[in-house]
Amino acid sequence: MLFVELIAQGLIQGSIYALIALGLTLVYGLLRILHVAHAAFFTLGGYIGVMVANQTGSLAAAIVAAMIIAGIGGILVFRLCYQPILHQPPFVPLIASIGLYIAAEELFRIIFGPSGLSYKYAFLQDQVVLFGFLRFKLAEIAVMLGSAVIIGVLSLLQTRTRIGVACQATVSDPQMAESFGISLQKVGDINFFVGSALAAFAGVMVSVLNNMVEPTMGSVPSYKALAIIVLGGLGSVRGTLAAALVLGVVESFGTIYLGHYLDRNAIAFAFLILVLMWRPQGLFART
Amino acid sequence: MNHKKLAVAVTAALAMQFGVPAWAEVKIGINVPLTGFAAADGKSALDGAKLAVADANAKGGINGEKIELVIYDDQASPKEAAPAATKLIEKDKVVAGVSGSYSASTRAAAPLFQAAKVPYVVAYSIHPDVTLAGNYVFRTATMGEVQGRAGAKLSSTLGKKNVVLITLKNDFGQALAAGYKEAAPKFGVKIINEYEYGIRDRQFGALISKVKSDNPELIYASGYYFTAGPLVNQLRAAGITVPVIGQEGYDSEKFIEIAGAASEGTLVTTSLDRDSDSPVTQAFLKEFRAATNAGADMVAASTFTATSIAIEGLKKTGGKGGEALRKAIETGTFSTPIGKLTFNDLHEVNKDVQVQIVKGKAFHRHSVISDPVLLAPPTKAK
Amino acid sequence: MEYEISLATTMAISVLFALSLNLITGFCGQISLGHAAFLGVGAYTAGMLAKAGVPFLLTLPLAMLVAGALGVIVGFASLRVRADFLAITTMGVGFLFVGIVRQQDALGGEMGISAIPDSGMSKLVFMLFAVAMAAAAALLSAYVRRCWMGRVFSAIAEDEDTVRVMGIDVPRFKLTAFALGTALAGLAGALYAQHLKFIAPDSFGFIESITVLSMVVVGGIGSVIGVTVSAAVLSVLPSWFQVIGTYKLLVYGGLLFLMMRFSPGGMAALVKRIFHPDRWGAK
Numbered sequence: 000m001l002f003v004e005l006i007a008q009g010l011i012q013g014s015i016y017a018l019i020a021l022g023l024t025l026v027y028g029l030l031r032i033l034h035v036a037h038a039a040f041f042t043l044g045g046y047i048g049v050m051v052a053n054q055t056g057s058l059a060a061a062i063v064a065a066m067i068i069a070g071i072g073g074i075l076v077f078r079l080c081y082q083p084i085l086h087q088p089p090f091v092p093l094i095a096s097i098g099l100y101i102a103a104e105e106l107f108r109i110i111f112g113p114s115g116l117s118y119k120y121a122f123l124q125d126q127v128v129l130f131g132f133l134r135f136k137l138a139e140i141a142v143m144l145g146s147a148v149i150i151g152v153l154s155l156l157q158t159r160t161r162i163g164v165a166c167q168a169t170v171s172d173p174q175m176a177e178s179f180g181i182s183l184q185k186v187g188d189i190n191f192f193v194g195s196a197l198a199a200f201a202g203v204m205v206s207v208l209n210n211m212v213e214p215t216m217g218s219v220p221s222y223k224a225l226a227i228i229v230l231g232g233l234g235s236v237r238g239t240l241a242a243a244l245v246l247g248v249v250e251s252f253g254t255i256y257l258g259h260y261l262d263r264n265a266i267a268f269a270f271l272i273l274v275l276m277w278r279p280q281g282l283f284a285r286t
Numbered sequence: 000m001n002h003k004k005l006a007v008a009v010t011a012a013l014a015m016q017f018g019v020p021a022w023a024e025v026k027i028g029i030n031v032p033l034t035g036f037a038a039a040d041g042k043s044a045l046d047g048a049k050l051a052v053a054d055a056n057a058k059g060g061i062n063g064e065k066i067e068l069v070i071y072d073d074q075a076s077p078k079e080a081a082p083a084a085t086k087l088i089e090k091d092k093v094v095a096g097v098s099g100s101y102s103a104s105t106r107a108a109a110p111l112f113q114a115a116k117v118p119y120v121v122a123y124s125i126h127p128d129v130t131l132a133g134n135y136v137f138r139t140a141t142m143g144e145v146q147g148r149a150g151a152k153l154s155s156t157l158g159k160k161n162v163v164l165i166t167l168k169n170d171f172g173q174a175l176a177a178g179y180k181e182a183a184p185k186f187g188v189k190i191i192n193e194y195e196y197g198i199r200d201r202q203f204g205a206l207i208s209k210v211k212s213d214n215p216e217l218i219y220a221s222g223y224y225f226t227a228g229p230l231v232n233q234l235r236a237a238g239i240t241v242p243v244i245g246q247e248g249y250d251s252e253k254f255i256e257i258a259g260a261a262s263e264g265t266l267v268t269t270s271l272d273r274d275s276d277s278p279v280t281q282a283f284l285k286e287f288r289a290a291t292n293a294g295a296d297m298v299a300a301s302t303f304t305a306t307s308i309a310i311e312g313l314k315k316t317g318g319k320g321g322e323a324l325r326k327a328i329e330t331g332t333f334s335t336p337i338g339k340l341t342f343n344d345l346h347e348v349n350k351d352v353q354v355q356i357v358k359g360k361a362f363h364r365h366s367v368i369s370d371p372v373l374l375a376p377p378t379k380a381k
Numbered sequence: 000m001e002y003e004i005s006l007a008t009t010m011a012i013s014v015l016f017a018l019s020l021n022l023i024t025g026f027c028g029q030i031s032l033g034h035a036a037f038l039g040v041g042a043y044t045a046g047m048l049a050k051a052g053v054p055f056l057l058t059l060p061l062a063m064l065v066a067g068a069l070g071v072i073v074g075f076a077s078l079r080v081r082a083d084f085l086a087i088t089t090m091g092v093g094f095l096f097v098g099i100v101r102q103q104d105a106l107g108g109e110m111g112i113s114a115i116p117d118s119g120m121s122k123l124v125f126m127l128f129a130v131a132m133a134a135a136a137a138l139l140s141a142y143v144r145r146c147w148m149g150r151v152f153s154a155i156a157e158d159e160d161t162v163r164v165m166g167i168d169v170p171r172f173k174l175t176a177f178a179l180g181t182a183l184a185g186l187a188g189a190l191y192a193q194h195l196k197f198i199a200p201d202s203f204g205f206i207e208s209i210t211v212l213s214m215v216v217v218g219g220i221g222s223v224i225g226v227t228v229s230a231a232v233l234s235v236l237p238s239w240f241q242v243i244g245t246y247k248l249l250v251y252g253g254l255l256f257l258m259m260r261f262s263p264g265g266m267a268a269l270v271k272r273i274f275h276p277d278r279w280g281a282k
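Here you go:
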């Protein structure tokens, strides 16, 4: 029983990681930059979600608003912050991104106050019992189902639509794609829009799960998502998904059985270092 | 452009450092975390301290001189607290210091105040080392270990034997757990398991699954409202209905807001009794709400208390600091929102522990643990 | 005066620490996002030894030794993974360090170590000593840069594969860079422990690693003078920013971003551009 429950909890955590890490992978695949500030859209999503939901009383409206606003924010970050420094060595955008993230976190604190916000209405807080013994919050189920559906739809779009194929082509070989007349700018816009919108969705779901958004809620996901995309083999969407779910489950068991020796973040990184030393190109990389 | 910005910032900073004239005011310094992870508590603490100063100034200050509160942000970090304390002592020449911050920063600052012989009143930092820095350091909070012992007694009063500890992995959580574990056998309370979590954790799914399989009669969980809110919420959502005992870290309206309906019935050992009939407490609660439009929490009450103790002392010495002020605080009895306080030879206070319970979306009195032996703070001898 | 002395000590320690990272990241091109772990190793080693009664001056070389030895181990990782992967691996090392120290009761656990015995030096002498150490590190950096080893370092930073093809033993040089850099970080840590007399795991976390990397990058990666100046300024900026109060970290993050966005070569490049306007067009 406990075993199944721990796996289920790991998968819930894993799907949250997956939603955040997917955006990072899309960006890395295209631009080869580690987009630390990505987690700011996770936090932004949470804040917009709480505010819109408290105003309108509708969680659906909150999710849509959060995803659209974060998506547009993503495009702005791409055009204003990253595009001009793409030709620089990798540490330049990396540090710029870290600076951006620190500044964003502070902006949240200054604008919305240090102690965070909560929902006025109880969304998805009911309990669901599955198979007689697995007990979930409705929100937990929604996280899992939501991410599965979104990721499924995305991969369909990626293989079935013109623009999706263009994106894929650009990620695997930007120069070749450009010579076929695909606009890098456009693909960049789309990747940043989609990635940031996914992060915002994750932000809303986590804010519902915890009934709280706070300025620092993105700091753990920001570096953990980095670890995940590295494990997934940098730039590989499927690898990232697998790595996110595996890490969720590893952490779930780790907090119980290793908690006295290592804390949760250290577990994730110990796992990461082990894997990298064994397979320097990541756990799920195509070689 | 950047360069210019930096130059402007530096010039402005220098101007502030060297250009400030000396006012004929009594200066009290305070270090609080206004940025970083503890910023929310820092704001509460500062509101409390400001209220104490405003109260005193409205009543004519000290010998007619106004009190000025000199405020430095320490980010709850020792690295920031040490220079802040040095600056308060050296540059601002404060006659007394107040800590409205966590243990790490307070531990770094306390020896500096001690070395400069500037009395330092610590509001809510609970680490034992703080008062060991020397005889110029005072503390109004109940130490972590003592609160932990009170938690164990409360468990047995509730008639619960099998307990699971969920411990926040920082000095606050560990001190509480140590006290609880020390006292538990005396009350026949058995700890069947202990789990630890980090201050950044908000998702407790895995841990809760395990707690459920342990089937405890009571959960003693340390944390602050921002960890405890999600924790209690998720415990209840997982169908765990046994009582949860928290501590003063829970003591904030934010806890009730975050945990929502799940917060009902949560017990908290703390130092602020909302239903107290003491006029000092009731006046404080009312004034705080008027000043900030929010309800006071333990942090605000404790920092208000620490600041007013410094002010009371200064009134006795006529604004003089140093040894005179130390003696005035040592020998004084202070009526504060968290009770009547006197300091022992280690400058700790001996006071009852208030048990509050969440009822109808507010903290109310559950009981008071009054046990001078169990709750005795350490003395110099120990 | 004591406040100024304390600030000057903080400055000197930060300069030393930033220069130590500059050896690895600036000279040899190996990005590290976990350098604070070595500051921590030095601080804990020196702190524990001092508490065990070892005299202050003796704790310094021992702290360097322990930090340098661990540095070589992490250096082996740089032989296996490169660039972005290395950045993430070193970040992992940083988290692992904090995660492990937190759970060691012998190291004070979450509570850290306080009341570290005094060095016996007066505050002024200690400050001068720290400044002397920072100056020595700057001289060492300038020397390394000029000698054969420094040239190989910068060649590795530019294009590792070509250097390898030329028959140069790349791993040896990389490990040397890590050993030197982390040993100096250990020295900075030992001074840090002595200066604050209190250390706790959180003081050596990810934020600290990022802060020191910022100092290097803002100063101008690889530039000894640039890094020295930027570390000195950035380390006391928070104290000055007390004036701006709650906007401190916002300005700090914004500065980092703007510097990278508009002058990725850091202050060193900015100064060059100002004094050689003809190079404005150059990359």
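As you go down the protein sequences, you meet chains A, B and C in turn. For the first sequence, numbering that gives the first Met the number 0 begins at 0 and goes up steadily by one. For the second sequence, numbering that gives the first Met the number 0 begins at 0 and goes up steadily by one. For the third sequence, numbering that gives the first Met the number 0 begins at 0 and goes up steadily by one. Using N, Cα and C, we set each Cβ at its ideal position, and we do this for glycine too.
Residues that residue i contacts on chain C, provided the C-beta gap is smaller than 9 Å
i	result
Asn-349 of chain B	Ordered by position in chain C, no residue passes the 9 Å Cβ test against Asn-349 of chain B, which lies about 24 Å from the chain.
Lys-78 of chain B	Thr-9, Tyr-191, Leu-195, Ser-202, Glu-207 and Pro-237
Straight-line gap, residue i to residue j (C-alpha atoms, nearest Å)
i	j	result
Glu-1 of chain C	Ala-236 of chain B	55 Å
Phe-203 of chain B	Met-0 of chain A	17 Å
Ile-266 of chain A	Met-211 of chain A	25 Å
Asp-262 of chain A	Thr-254 of chain A	7 Å
Ala-7 of chain C	Leu-18 of chain C	16 Å
Ala-21 of chain B	Ile-4 of chain C	Since pLDDT at Ala-21 of chain B reaches only 44, below the 50 mark, its modelled position is unreliable, and no value is offered.
Lys-185 of chain B	Leu-374 of chain B	14 Å
Leu-56 of chain C	Ala-45 of chain C	10 Å
Met-71 of chain C	Ala-299 of chain B	Checking the sequence, you will find Val at residue 71 of chain C rather than Met. Approximately 49 Å between the Cα atoms of the pair.
Met-259 of chain C	Ala-138 of chain A	40 Å
Ala-133 of chain C	Ile-155 of chain C	26 Å
Gly-307 of chain B	Lys-49 of chain B	According to the sequence as given, residue 307 of chain B is Ser; it is not Gly. Rounded to the nearest angstrom, the two C-alpha atoms are 10 Å apart.
Contacts around residue i, its chain only, beta-carbon distance under 7 Å, and the 5 residues preceding and following it disregarded
i	result
Gly-108 of chain C	Arg-101 and Gln-102
Gly-13 of chain A	Ala-243, Leu-244, Leu-246, Gly-247 and Val-248
Val-170 of chain A	Gly-28, Leu-29 and Gly-234
Beta-carbon neighbours of residue i, restricted to chain B and to distances below 8 Å
i	result
Gly-108 of chain C	Gln-173
Pro-89 of chain A	Ordered by position in chain B, no residue passes the 8 Å Cβ test against Pro-89 of chain A, which lies about 22 Å from the chain.
Asn-53 of chain A	The premise fails here: Asn-53 of chain A is roughly 12 Å from chain B at the closest Cβ pair, so nothing lies under 8 Å.
Residue i - containing alpha helix (DSSP H), residue span
i	result
Leu-99 of chain A	90-111
Lys-136 of chain A	Unbroken run through Lys-136 of chain A is the beta strand (DSSP E), 133-136; no alpha helix (DSSP H).
Ala-236 of chain B	224-236
Cutoff 6 Å; reference residue i; Cβ partners in own chain excluding five residues on either side
i	result
Gly-312 of chain B	Leu-324, Ala-327 and Ile-328
Lys-65 of chain B	Glu-24 and Asn-56
Gly-172 of chain B	Thr-166 and Ser-221
Val-210 of chain B	Val-163
Asp-287 of chain A	What the structure shows of chain A is the stretch from 0 to 286, and residue 287 of chain A is not part of that stretch, so it cannot be assessed.
Terminal residues of the beta strand (DSSP E) in which residue i lies
i	result
Thr-166 of chain B	161-167
Neighbouring residues, chain B, relative to residue i (Cβ below 7 Å)
i	result
Tyr-2 of chain C	Thr-85, Lys-86, Glu-89 and Lys-90
Neighbour list for residue i in chain A, Cβ cutoff strictly below 7 Å
i	result
Phe-84 of chain C	Val-229, Leu-275 and Pro-279
Listed by chain order, chain C residues near residue i by CB distance under 8 Å
i	result
His-259 of chain A	Gln-102
Residues that residue i contacts on chain C, provided the C-beta gap is smaller than 7 Å
i	result
His-346 of chain B	Residues of chain C passing the Cβ test: none, with the nearest at roughly 17 Å.
Original post:
Looking at C-beta atoms only, is the number of pairs between the stretch 323-337 of chain B and the stretch 359-366 of chain B that lie closer than 8 Å three or more?
Top reply: With a cut-off of 8 Å, the stretch 359-366 of chain B and the stretch 323-337 of chain B do not count as touching, because too few Cβ pairs lie within range.
Original post:
Are the stretch 117-131 of chain C and the stretch 186-203 of chain B in contact at 8 Å, needing three or more beta carbon pairs?
Top reply: Short answer: they don't touch.
Subject >> the stretch 83-100 of chain B / the stretch 108-127 of chain B touching (three or more Cβ pairs under 8 Å) >> reply: Enough Cβ pairs lie closer than 8 Å, so yes.
Original post:
So, do the stretch 315-322 of chain B and the stretch 234-249 of chain B have three or more beta carbon pairs nearer to each other than 8 Å?
Top reply: Contact between the stretch 315-322 of chain B and the stretch 234-249 of chain B is absent, because fewer than three Cβ pairs lie under 8 Å.
Original post:
Between the stretch 49-68 of chain C and the stretch 184-203 of chain C, are three or more C-beta pairs nearer than 8 Å?
Top reply: Of all C-beta pairs linking the stretch 49-68 of chain C to the stretch 184-203 of chain C, three or more are shorter than 8 Å, placing the two stretches in contact.
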